Structures are given as structure tokens and as C-alpha cells.
Amino acid sequence: MSALNTYRGGPDESGHFGLYGGRFVAETLMPLILEVEAAYTAAKADPSFQAEIDYFAKHYVGRPSPLYFAERLTEHLSEGDKGAKIFFKRDELNHTGAHKINNCMGQILLARRMGKTRIIAETGAGQHGVATATVCARFNLPCVVYMGVEDIERQKPNVFRMKLLGAEVVPVTSGSRTLKDAMNEALRDWVANVENTFYIIGTAAGPHPYPAMVRDFQAVIGNEVREQIQEMEGRGPDTLVACIGGGSNAIGLFHPFLDDKTVRIYGVEAAGLGLNTDKHAASLTGGRPGVLHGNRTYLLQTDDGQILEAHSISAGLDYPGIGPEHAWLKDSGRVDYVSATDADALDAFQMCSKLEGILPALEPAHALAFVKRLAPSLPKDHLLVMNLCGRGDKDVFTVAEALGTEI
Amino acid sequence: MSAPETQREAGAQPSRLERRFAELKAQGRGGLVSFTTAGDPDFESSLDLVRGLPGAGVDVIELGMPFSDPMADGPAIQAAGLRALKAGMTLAKTLDLVRRFRADDDQTPVILMGYFNPIYSYGVAKFLPDALAAGVDGLIIVDLPPEEDDELCKPALDAGLHWIRLATPTTDDKRLPTVLANTSGFVYYVSILGITGTRTASADVVRKAVERLKRHTELPVAVGFGIKTPEQAANIARVADAAVVGSALVERIKNGLDKNGKPTPGMVPDLLGFVRALAAGVRKARDG
Chain A
370 MSALNTYRGG PDESGHFGLY GGRFVAETLM PLILEVEAAY TAAKADPSFQ
420 AEIDYFAKHY VGRPSPLYFA ERLTEHLSEG DKGAKIFFKR DELNHTGAHK
470 INNCMGQILL ARRMGKTRII AETGAGQHGV ATATVCARFN LPCVVYMGVE
520 DIERQKPNVF RMKLLGAEVV PVTSGSRTLK DAMNEALRDW VANVENTFYI
570 IGTAAGPHPY PAMVRDFQAV IGNEVREQIQ EMEGRGPDTL VACIGGGSNA
620 IGLFHPFLDD KTVRIYGVEA AGLGLNTDKH AASLTGGRPG VLHGNRTYLL
670 QTDDGQILEA HSISAGLDYP GIGPEHAWLK DSGRVDYVSA TDADALDAFQ
720 MCSKLEGILP ALEPAHALAF VKRLAPSLPK DHLLVMNLCG RGDKDVFTVA
770 EALGTEI
Chain B
11 MSAPETQREA GAQPSRLERR FAELKAQGRG GLVSFTTAGD PDFESSLDLV
61 RGLPGAGVDV IELGMPFSDP MADGPAIQAA GLRALKAGMT LAKTLDLVRR
111 FRADDDQTPV ILMGYFNPIY SYGVAKFLPD ALAAGVDGLI IVDLPPEEDD
161 ELCKPALDAG LHWIRLATPT TDDKRLPTVL ANTSGFVYYV SILGITGTRT
211 ASADVVRKAV ERLKRHTELP VAVGFGIKTP EQAANIARVA DAAVVGSALV
261 ERIKNGLDKN GKPTPGMVPD LLGFVRALAA GVRKARDG
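Protein chains in written order, with this note's numbering: chain A, 370 to 776; chain B, 11 to 298.
This is the structure:
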């Protein structure tokens, strides 16, 4: 097979990225999925929809987020004539503290166009739940967030934030009681309430059109980076790095650059206690293709096709699947998928806090852990952009516990 | 409007499922479809139970293939799947269970219901001949809508298995032909919006829905989701070709377990007693 002309052409009409993606949902949901697709196609073609997104992105979310030259980190990771110039795309400075709101704003504006009057969402770390609760408060729509009881325990501050924002947080006790089970419960709710309810999926996964739609809403990250680095350095980036759970922040950064052949792209999965253990969340590195939550993608699963529990210190990466476009980008070889352990991420978390005065969320701390490995071997004029997709305030309890500190 | 038995060769021997629905029609009654999860609470008890179902009046046996993430199922069937998985159930063992049932019963149709991933993992090319050889008659795969028919539906029909599709209240007249196109054996009408074992639809709503389906297809229509008592089953059997009872059976299995999750000696007899009551309800539904 000849090389692809473009890596940006997916999905096809039926929502497939090569083997991956698709619409693996119950018949009850199918008419609604088709309705969402039609509504999104119409909205994309309507300049007033983009204008509305742009307005709220600027005045409510606080976009564009800065591209920041991490000077001290660059210095720290330089040796002799080596050491890439490291930039952070500061999506942790968005309203609500993560990239998640880019997607929520797009989806709630679509839900409003469709006349939906009730919003549901799933959340792992709570960042997507907070972002959804936030836009629901802003647009006065009732909001129900499904969250595994394990995650509720790990992310108490976000649970309280959601409640303050007026959302109902429903504890999920089924299965492994984490993000995948929260997604099952949200789908069950949706099946029962299809007529008035819009499901704001938090990552670039799920049945078509969600993976493409969420990617489009997050692509603002990469599009801004392209302009900002041009302005700062007079040229484009050499390397992009982002962490991957479901993969929405990563696809948002990567997608605009997929056809820039000289740009090296790395997605960093959570290796938990190590890839050689059964406690990790690296579905691309440690899983194989399967079907879950509406799409075919790489999954952590048993020989019998039962879905395994994922593990990561970061609740936001603790998911046994991954967005289907990443699965395809892995197979096509365009993006390199690597991993970082809990311990790597904790080190990077502390390094960033002390060197740059920025507490990163544990999710991008995984990306940073890889930057720490990669940057010292690269030339000094090499421009490396890492997506700092969330802030770490929500993680201070987890980090304190991991470090054996009482607060 | 006719919806032919797609893919099945004209003049081929009628399948167990077709024969069964023809018998029901000849008897002038609606049928009873039972749903239990294969391997719940363990392989041997599940097999005992399934072996007892035809004698207790079940016309079609539907067996759930346990899956870790059953998105369209309510708490009762979720729990049943987890019990079976915990007891070591696999897709291969589900086929083995059917094979062992089939050794003594070559008449009662057996339908497998579940989610695609375990089959995808097993391999479609291997699964279809294995399922046929075990004596499976048809498949209901919840997360394979018509949009994904190339995955398993078409290969299954080509192999000679029935492909039973769910139609729901959200399947409008425009979409119905798409849903019925590759459906065979019977149509499973999901009478409520929602997951298994939660709400119950009124007989009047169900009658209208069945009438609508019948305008689009000559296939038998079975109705399920939320049928819990002999009376409800009778009400459904009055207006549809069969009533499916699932969560209520699975709940009884759970109630028949001791505190360690092991089946008590009364579990299977109690369940079969309940099935007899359901079957009696269905059988006299259209009398008088």
C-alpha cells in the first residue's frame, strides 16, 4: 500500500478510522446518534455556530491559552550542546482548569441547537464533570454526572465543585467503579431518556460522530499552537507530546499537525505500576483491538474478551480503552505511543512545581515524564511543545498520599 | 408489505425457530421466551436449569453470554453476568453448555444474546461454525445495529444462523425497514425506553407497537423488557407472538443463592415453578 496522502481525512462516512471507530450501540440509541451526527454536520456548515463557540471560548473559557517557553525546565534538561527548547501549551489556565471545557462548550451549544433540555456526562478525574457542570450552569440546563465511587473517593474536591455548580453527581457502584463503569451508567441513562437528553461524552471516543466531534472541538489547541509558535520562533514545532487517557487533549494538539511530515508526535499512556504488571492503563501498548462503548479500538481485555480494570495514579487516564483515531494513528505509524509510570509522573509533578511554579495535573505529568526522558537527547534548536492540559490542584491529596505526607 | 426471510435459501428445511413459531401459530397461542445468563450462578446449575426449561413450558430459550460491561442491561442482569464470570464462565463454555443441552433436546430453539466483544475476541470465523455445531439457532447482539451488519450479522445469516434484531420505541417508521432488512427468525420488540428489568409498558401501548411492526414484517414479534409476572406475560402473549421474561428469572436465581453465593437446593425447582406459572399464564392468555 502506498503512503497515505493525508492523515487528517478520517473518519469515513460511517465513522471509521481504518478498522477503528464505528457505531456499536444499542438500537434504542441509534436514531439519536444519527440525529446528533446530522445536527453536528449542519452546525459545522453554519458560520454562526463557530462564531458562537469563538465568542464563549474568548470571553468565558479564556482562550487563546498561552504558549509558554519553560525556560528553567529547558535549562534543567539541557546538557552541553543538547537539550530541546520546551514549550507548554497552557490549557490548564482555561476556566475550570483543564482542556475539557473546549469540548463541553462545543457540545452544549450543539445540544441547545438540538433543543435538548437535559445533560448527562461521565467523569473519571472529575475534570470533565466539572466542565460539564459549569457549562450547564451557564446555560441553565439540568446536569447529571455519573462517577465511579472509587473516583469519588480520589477526587473529592471536584465532586464538591460539581455540586456547587448545581449538578447531581450519581455514584456508580457497578463493575470496577471507575470511568468505564461511569460511561456504562451514562449510556444506560441515555437509553432511558433519549427524547430530551444529550450525552456530553468527555473524550474523543464513543460512537461516531463523537470521536470526530470531540477532536474538532479540541483542535483549537493545535491550531493555536501553530500560530503562537510561528509568532515566537518564526517556525513550526519539531515535536509534540501529550498524555493519553481517552486521548482528547492529545488529538486536539496532534490533529492539525498530522500532515506536517517533519513533526514528530508522541502520545504518552499511563503505565501505572509498570507495563509488566496488570496495574496499568496503557491500552495501545498493552491491549488489543476490541469493541466497547460504541467504538472499536484498543482495549485492555482478557483472552475471553472481558474488559479489564485499568490502573493509574491519575484518575483521568484510568480507562481501559482509547479514542479510535489514536488506535488508527498507532497502526499507521504516524504517532509514537509511549508510556510513563505512576512514579515517573510523581517525579515530573514535583519537578514542574519547583522549576516552573506550575502544579501540573497528574495527567500531563505523564507527558512531562516522557519529555524529561526525550528532551536531553535533542538538539538545542529543537522546538518541543507539550500540552499542559490540566492543573494539579485537584491532585494535591493524591500526591500527598503517594509521597507519604499528611495535609 | 413483506419482509422475506433474508439470506435463508428458499426451500431450505425450516429451522427449529421457524418450526416453533409455526407450532405456536397452529396452537393459536403466544409463546414464552426465557432469558437466563449462561453460567449463572455456575455452569452445572445453569445447565440443570436450562435442561428443565422446556418441560416447564418455555418455547424458546434465550441465553445471555456474560460480558463485563453490559451497557443495555439493568442491575439484575449485570449482576447475573458478573456472577457467571466470577464462576469462570467464558464464551467457549457457553457454547459447551448449549452443546450439552442439545444432546437431550433437539427441538427447543436456543438463542444467544450478548455483546460483540467476546465474539470478536473469539473470532467471528471460528465462532459461527462452533455455535452452529453446538446447536445454537440464532443471535441477538445488542451493540451491533444495522450500520455494523458486515461485522457479524451477514456472516451469521450466511452461515445459517438467525439474526434477531431489537426494535425499540425509538425505531420510527422511516428506520424500521433498515432494522428489519437483515432480521430473521423473529423481531424482538423492546417495549420500553431503557435498560432491562426496569420499567413496564402497558398492554395497550404494546398492542399498538406490535400492530405497527406487523405492518412492516411477516416475522413473529416477541416482546420483552419489564415483564415480571404471569399476568404481565399473559397480557403480552395476547397481543404478541411471544413474551420474553428475563430479569424476573435472574432475580429469582439471585434469591436462590446462599450467603456464599452458592445455589441452594431449592433454587432450580423454585425457578422452574415460577416458569410454569408464566407458561400457564401465556397458555391461557387467548382463551375466552
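C-beta: ideal position from N, C-alpha, C; glycine also. Computed from a predicted structure; not experimentally measured.
Quiz item: Considering only residues of the same chain and omitting the five flanking positions on each side of residue 201 (chain B), which have a CB-CB separation below 6 Å?
Solution: 211, 216, 233 and 235
_Taking a contact to mean a Cβ-Cβ separation below 8 Å, would you say residue 513 (chain A) touches residue 477 (chain A) in this structure?_
Their beta carbons are not under 8 Å apart, which means residue 513 (chain A) does not touch residue 477 (chain A) by this criterion.
Worksheet entry | Interface residues of the stretch 652-667 of chain A facing chain B [CB-CB below 9 Å] | Of all residues in the stretch 652-667 of chain A, 657, 658, 659, 660, 661, 662, 663 and 665 have a Cβ within less than 9 Å of some Cβ in chain B.
| Under 9 Å by beta carbon: chain A residues contacting residue 186 (chain B) | Correct list: empty, because the minimum Cβ distance to chain A is about 11 Å.
| said: Beta carbons nearer than 7 Å to chain B: which residues of the stretch 540-574 of chain A have them? | reply: Against chain B - using a Cβ distance shorter than 7 Å - the residues of the stretch 540-574 of chain A are 543, 544, 549, 553, 556, 557, 560, 561 and 563.
C-beta neighbour in chain B for residue 487 (chain A), strict 8 Å: no
Determine the DSSP secondary structure at residue 705 (chain A), reduced to helix, strand or coil.
-> strand
Report the three-state DSSP secondary structure of residue 117 (chain B) (helix, strand or coil).
coil
Can you find a CB in chain B that lies within less than 8 Å of the CB of residue 496 (chain A)?
no
Could you tell me the distance, in whole angstroms, from the CA atom of residue 169 (chain B) to the CA atom of residue 634 (chain A)?
44 Å
**Asked** Are the C-beta atoms of residue 158 (chain B) and some chain A residue less than 8 Å apart?
**Response** yes
Is the number of C-beta pairs between the stretch 546-561 of chain A and the stretch 676-690 of chain A that are closer than 8 Å three or more?
yes
>> Give me the DSSP bridge partner(s) of residue 612 (chain A).
In response: A:637
(message) Using a Cβ-Cβ cutoff of 9 Å, what residues of the stretch 109-138 of chain B are near chain A? List them in chain order.
(response) In summary, the residues of the stretch 109-138 of chain B whose CB is separated from some CB of chain A by less than 9 Å are 125, 126, 127, 128, 129, 130, 131 and 132, in the order they occur in the chain.
- Item | Cβ distance (whole Å) where residue 127 (chain B) is taken to contact residue 660 (chain A) below 8 Å | 5 Å
Note to self: Rounded to whole angstroms, what is the Cα-Cα separation between residue 231 (chain B) and residue 150 (chain B)?
What the structure shows: Going by the C-alpha atoms only, they are around 14 Å apart.
Quick test of your reading: residue 517 (chain A) and residue 541 (chain A), contact by CB under 8 Å. State the CB separation rounded to the nearest angstrom. 5 Å
*Extent of the continuous alpha helix (DSSP H) to which residue 104 (chain B) belongs*: 101-112
- Top-ranked residue by Cα proximity to residue 767 (chain A), from A:519, A:443 and A:409: Cα-wise, what sits closest to residue 767 (chain A) is A:519.
| query | Okay, do the stretch 680-698 of chain A and the stretch 486-505 of chain A touch, 3+ Cβ pairs below 8 Å being the bar? | reply | yes
Quiz item: Taking the runs of the beta strand (DSSP E) that are 3 residues or longer, which of them lie wholly in the stretch 484-561 of chain A?
Solution: 487-492, 512-517 and 537-541
Note down, in chain order, every chain A residue with its Cβ under 7 Å from the Cβ of residue 302 (chain B). There is no way to answer for residue 302 (chain B), as the model of chain B reaches only from 11 to 298.
In whole angstroms, what separates the C-alpha of residue 460 (chain A) from that of residue 203 (chain B)?
39 Å
Requested in this report: Please state if the CB of residue 474 (chain A) and the CB of residue 499 (chain A) are separated by a distance shorter than 8 Å.
Outcome: no
Helix, strand or coil at residue 265 (chain B) [DSSP, three-state]: helix
>> When you compare the CB of residue 211 (chain B) with every CB in chain A, is at least one pair closer than 8 Å?
In response: no
Look at the alpha carbon of residue 265 (chain B) and the alpha carbon of residue 628 (chain A), and state the distance between them as a whole number of angstroms.
59 Å
**Report entry** Cβ neighbours of residue 720 (chain A) in the same chain (closer than 8 Å, five flanking residues each side left out)
**Finding:** 442, 445, 737 and 741
ask   = Any heavy atom of the ligand NAD within a distance shorter than 7 Å of the CB on residue 733 (chain A)?
value = Absent from the structure shown: the ligand NAD. Ligands present: none.
| message | Is it buried or exposed, residue 383 (chain A), if we count other Cβ atoms within 10 angstroms and call 16 or more buried? | response | Label assigned to residue 383 (chain A): exposed.
Listed in chain order, which residues of the stretch 668-693 of chain A have Cβ atoms closer than 7 Å to some Cβ of chain B? 670, 673, 674, 675 and 676
Quick one: list the residues of chain B neighbouring residue 393 (chain A), beta-carbon separation under 7 Å, in chain order. Under the 7 Å cutoff, chain B gives 126, 153, 154 and 158.
Query raised in the report: Given that residue 200 (chain B) touches chain A, what residues does it touch there, using C-beta distances under 7 Å?
Result: Within 7 Å Cβ-Cβ: 397.
Worksheet item: By DSSP, does residue 671 (chain A) sit in helix, in strand, or in coil?
Response: coil
**OP:** Go ahead and pull the three-state DSSP assignment for residue 682 (chain A).
**Re:** Residue 682 (chain A) falls in the coil class under three-state DSSP.
- Selection from A:456, A:729 and A:562 that minimises the alpha carbon distance to residue 607 (chain A): A:456
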